[in-house]
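Novice: Sharing a structure here in structure tokens format.
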Amino acid sequence: MARWLPRSTDLTRFCQKLNRVKTLEDDMMETSFNRCLSTIDLTLLGIGGMVGSGLYVLTGTVAKEIAGPAVIVSFIIAGFASLLAALCYAEFGARVPKTGSAYMFTYVSVGEIWAFLIGWNVLLEYMIGGAAVARAWSGYLDSIFNHKIKNFTETHVGAWQVPFLACYPDFLAAAILLVATTFISFGAKVSSWLNHVFSAISMGVILFILVMGFVLAQPKNWSTREGGFAPYGLSGIMAGTATCFYAFVGFDVIAASSEEARNPQRAVPRAIAFSLGLATGAYILVSVVLTLMVPWHTLDPDSALADAFYRRGYAWAGFLVAAGSICAMNTVLLSNLFSLPRIVYAMAEDGLFFQVFSRVHPRTQVPVVGIVVFGLLMALLALVFDLEALVQFLSIGTLLAYTFVAASIIVLRFQQQKGDVPAPAASGQPNPEPREGPSGGELKEYESFSDKLQLVDRDKSKEQREPGQLKAAFEPYLEFLSNFYPGEVVTVAVVTLMVSAICLCSILVFGNTHLHLPTWSYSLLLVLFSLGFLLSLLLIWAHEQQHSTQTFQIPLVPLSPALSIILNIYLMLKLSYMTWLRFAVWLLLGLLVYFGYGIWHSKENLREPRPQRVSARYVVFPGGSLEERVQAVQPSSQPAAGLPETDTDDCKR
1 MARWLPRSTD
11 LTRFCQKLNR
21 VKTLEDDMME
31 TSFNRCLSTI
41 DLTLLGIGGM
51 VGSGLYVLTG
61 TVAKEIAGPA
71 VIVSFIIAGF
81 ASLLAALCYA
91 EFGARVPKTG
101 SAYMFTYVSV
111 GEIWAFLIGW
121 NVLLEYMIGG
131 AAVARAWSGY
141 LDSIFNHKIK
151 NFTETHVGAW
161 QVPFLACYPD
171 FLAAAILLVA
181 TTFISFGAKV
191 SSWLNHVFSA
201 ISMGVILFIL
211 VMGFVLAQPK
221 NWSTREGGFA
231 PYGLSGIMAG
241 TATCFYAFVG
251 FDVIAASSEE
261 ARNPQRAVPR
271 AIAFSLGLAT
281 GAYILVSVVL
291 TLMVPWHTLD
301 PDSALADAFY
311 RRGYAWAGFL
321 VAAGSICAMN
331 TVLLSNLFSL
341 PRIVYAMAED
351 GLFFQVFSRV
361 HPRTQVPVVG
371 IVVFGLLMAL
381 LALVFDLEAL
391 VQFLSIGTLL
401 AYTFVAASII
411 VLRFQQQKGD
421 VPAPAASGQP
431 NPEPREGPSG
441 GELKEYESFS
451 DKLQLVDRDK
461 SKEQREPGQL
471 KAAFEPYLEF
481 LSNFYPGEVV
491 TVAVVTLMVS
501 AICLCSILVF
511 GNTHLHLPTW
521 SYSLLLVLFS
531 LGFLLSLLLI
541 WAHEQQHSTQ
551 TFQIPLVPLS
561 PALSIILNIY
571 LMLKLSYMTW
581 LRFAVWLLLG
591 LLVYFGYGIW
601 HSKENLREPR
611 PQRVSARYVV
621 FPGGSLEERV
631 QAVQPSSQPA
641 AGLPETDTDD
651 CKR
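Per UniProt numbering, the very first residue in the sequence shown carries number 1; after that it's consecutive.
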């Protein structure tokens, strides 16, 4: 039976395959795409991804049912929380200007299987998100015409009552997706121009809403007579924050477009900062005018803004609001259809997904196969499926991507940069004449062994420490950690930090409700896991990190990414168990694809060094004289073809 058990060496090699990282090219600006997008183009793409139907629907829903006028505070906190994740994306987008967004960032720092699972979840997130927005677009337009489109379809086509299927086929939603797919396939410049048009109309409508809203504002709507500013208290504000957080998930389209930016090192961080700032300001200001125009408890959650203007005697303004809402949803559709094929392209280009999706059209310079195929799949979803039960699935995919990107920032920041070499030691004596060794490296000659020891001592005291090494100030206290490879301790600490964060958030979310823990054990577990989280954070901070002024870097590392990690995990655990069940099923399907195709076709397989046979290995013992004793060590592998075995006697002198 032991013959069928895998050997430890095989298991080690298999784990190394799963966790291998992507090798980046020397010239990361070289691409088959067209680098034509400016900072303004990327900023408007980000705004289009964030300021969608949520501005017209989400603000009213959260204000009436969750937080009241304190929805303003909820958006401020949610904007700050999104900023932590956005800064991580900004650093990666500037350092790794390649398409793929969270998938690519995870691949270059954490490992292959984790990157594939992130990319796999992002695919479903974009498909469901785009189809859901298309159905919302169709429903909003249908409501303007008193549901004539729905009635016509049910009368002439029919309706059905089947689980997971819509009540009737939504041909309008499918049609708008097919039209958007056609425009996206014309190239990045055409997509950007179309996004400019819809974004300009949407921002014009928002400006109109703000001006008219402040003119019609009545401060008495925040008075205690109407329930006060925060009728649901702090718990309502935090519950509103969790809901409002998902309004800002569209900024990753900027990172996904970095391979088509003219100057990604500058354009990507600036575009993320500008778009997130403008989107946060729009959500906050619209929430202010909405809750000042009419009492918050009288809002219509489905069409809060249009209804508010109608009740104040400006029914005509409802048509402008409807036009702005449709244009905003168009920008979200374009954002989804723009990002999805590029992430598929990145996975296919690396060999982890089917190779056909890595084809780029020679004239338009876009992955046209991915655009057409996934545009059709998105249209099919919008046509026949009931997406309301699946919309919550979007949250878990986004939060998981945010978590891995934040962890990747910590891991990458404490790794040596490509091409790093130890700094030469300062010495008053001239450097010895180097000579080339048998492996191509440089060997230094010294007059005596004692000279070499003195030079080593001098190097150790004056060397510049590399990223991932223990800081000199902590070496007397943590000397046992200095024996590890640079970055190795940091990687283990990041894993410990994430496990501690999961346990801590689990106690916070389920400790009193599902687990029914006694007060003493609840408090004890909180303290223990908090200490584990903080100690992991301090252990990471005790190591040297990269300091580069060439590209943008997120400040306060590792604190900022760690806060993003614990916040994302907390929000994930607040999701329903059905969401987790669907997530597990989708992950299993992804693992089947990876182990059936991706792991065998990965391009990193071609870059892996083949095992080379060493015919003899020598250990040299320096003695008191010029004589050297050489010990031959028999190699463990068989001789390679065409290479004779080295005789031990031939090696002795």
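We put the beta carbon where it would ideally sit given N, CA and C, even for glycine.
Rounded to a whole number of angstroms, what is the C-alpha to C-alpha distance between A346 and S275?
Specialist: Their Cα atoms are separated by approximately 24 Å.
Novice: From P467 to E259, what distance separates their C-alpha atoms?
Specialist: Each residue's Cα considered, the two are about 27 Å apart.
Novice: DSSP three-state call for F274: helix, strand or coil?
Specialist: In the structure shown, F274 sits in a helix (DSSP, three-state: H, G or I).
Novice: Is the beta carbon of T331 closer than 8 Å to that of G54?
Specialist: Taking 8 Å as the Cβ cut-off, G54 and T331 do not qualify as a contacting pair.
Novice: What does H543 pair with, by DSSP beta-bridge criteria?
Specialist: Note: H543 sits in a beta bridge opposite L470.
Novice: For A63, which beta-bridge partners are listed by DSSP?
Specialist: Beta-bridge pairing links A63 to no other residue.
Novice: Just how far apart, CA to CA, sit L606 and N19?
Specialist: Answer to the nearest angstrom: the Cα atoms are 15 Å apart.
Novice: Tell me, which residues are paired with A261 by DSSP?
Specialist: In DSSP, A261 forms a bridge with L37.
Novice: In the structure shown, what three-state DSSP assignment does F385 receive?
Specialist: Correct three-state label for F385: strand.
Novice: Just how far apart, CA to CA, sit M378 and E226?
Specialist: Looking at the two C-alpha atoms, the distance is approximately 44 Å.
Novice: Output the distance between the C-alpha atoms of S287 and D307, rounded to the nearest integer angstrom.
Specialist: Roughly 14 Å separates the two Cα atoms.
Novice: When you compare the segment 103-113 with the segment 313-330, are there three or more beta-carbon pairs, one atom per stretch, that lie closer than 8 Å?
Specialist: Contact fails: fewer than three Cβ-Cβ distances are below 8 Å.
Novice: State the start and end residues of the unbroken alpha helix (DSSP H) segment that holds S202.
Specialist: Where S202 is concerned, the enclosing alpha helix (DSSP H) stretches over A188 to V215.
Novice: Thinking C-alpha only, which one of G277, I254, H543 and L45 is nearest V490?
Specialist: Answer by Cα proximity: H543.
Novice: For I41, count neighbouring C-beta atoms within 10 Å of its own C-beta (all shown protein chains included) and say buried if the count is 16 or more, exposed if not.
Specialist: A small fix is needed here, since residue 41 is Asp in this sequence, not Ile. Under this definition D41 is a buried residue.
Novice: How is the alpha helix (DSSP H) around W296 delimited, first residue to last?
Specialist: Run containing W296: none; DSSP gives neither H nor E here.
Novice: What separation, rounded to the nearest whole angstrom, lies between the Cα atoms of A401 and M293?
Specialist: Whole-angstrom Cα-Cα distance: 38 Å.
Novice: Out of T280, L123 and V215, point me to the one whose CA is closest to Y246's CA.
Specialist: Ranking the options by Cα distance to Y246, first place goes to T280.
Novice: Suppose only complete runs of 3+ residues qualify. What are the beta strand (DSSP E) ranges in the segment 495-520, listed by chain order?
Specialist: Qualifying beta strand (DSSP E) stretches: none in this window.
Novice: Taking Cβ positions, are residue 657 and M572 nearer each other than 8 Å?
Specialist: For residue 657 there is no data in the structure shown, the boundaries of the chain being 1 and 653.
Novice: Please give me, in chain order, every unbroken run of the alpha helix (DSSP H) with length at least 4 that falls completely inside the segment 286-351.
Specialist: Runs found: 304-311 and 317-349.
Novice: Of all the options K471, A85 and V133, which has the alpha carbon lying nearest to the alpha carbon of A174?
Specialist: Selected option, being the one with the closest Cα: V133.
Novice: For the alpha helix (DSSP H) containing Y232, list its first residue and its last residue.
Specialist: Counting along the chain, Y232 falls outside any alpha helix (DSSP H), and DSSP gives it neither H nor E.
Novice: Throw me the rounded Cβ distance for the V372 and S185 pair, which I believe falls under 8 Å.
Specialist: With a Cβ gap of about 7 Å, V372 and S185 count as contacting.
Novice: Okay, do the segment 151-162 and the segment 406-413 touch, 3+ Cβ pairs below 8 Å being the bar?
Specialist: Not touching, per the Cβ criterion.
Novice: Are the CB atoms of G46 and residue 681 within a distance shorter than 8 Å?
Specialist: The structure shown does not extend to residue 681, since the chain is modelled only from 1 through 653, so no value can be given for it.
Novice: Can you list, in chain order, the residues of its chain with a C-beta nearer than 6 Å to that of G351? Leave out the 5 residues immediately preceding and following it.
Specialist: So the qualifying residues of the chain are H601, S602 and K603.
Novice: Alpha helix (DSSP H) containing N483: first to last residue?
Specialist: No alpha helix (DSSP H) contains N483, which DSSP labels as neither H nor E.
Novice: What is the residue span of the alpha helix (DSSP H) that A85 lies within?
Specialist: Residues V71 to R95.
Novice: Please report the distance separating the alpha-carbon of S32 from that of L334.
Specialist: The alpha-carbon atoms of S32 and L334 are separated by roughly 22 Å.
Novice: Helix or strand or just coil, what does DSSP make of L165?
Specialist: Residue state, collapsed to three classes: strand.
Novice: For V421, count the other beta carbons within 10 Å of its own beta carbon; 16 or more makes it buried, fewer makes it exposed. Which is it?
Specialist: Reliability fails at V421, whose pLDDT of 41 lies under 50, so the model's placement of it is uncertain and the value that follows must be treated cautiously. Under this definition V421 is an exposed residue.
Novice: Between P69 and V321, what straight-line distance do the alpha-carbon atoms span, to the nearest angstrom?
Specialist: Cα-Cα distance, rounded: 21 Å.
Novice: Output needed for I77: all residues of its chain with C-beta closer than 6 Å, excluding positions within five of it in sequence on either side, in chain order.
Specialist: Here the set comprises T241.
Novice: Would F552 and A81 be called neighbours here (beta carbons separated by less than 8 Å)?
Specialist: No. Outside cutoff.
Novice: Assuming L534 contacts L559 (C-beta within less than 8 Å), just tell me the rounded distance between them.
Specialist: L534 to L559, Cβ: 11 Å. No contact.
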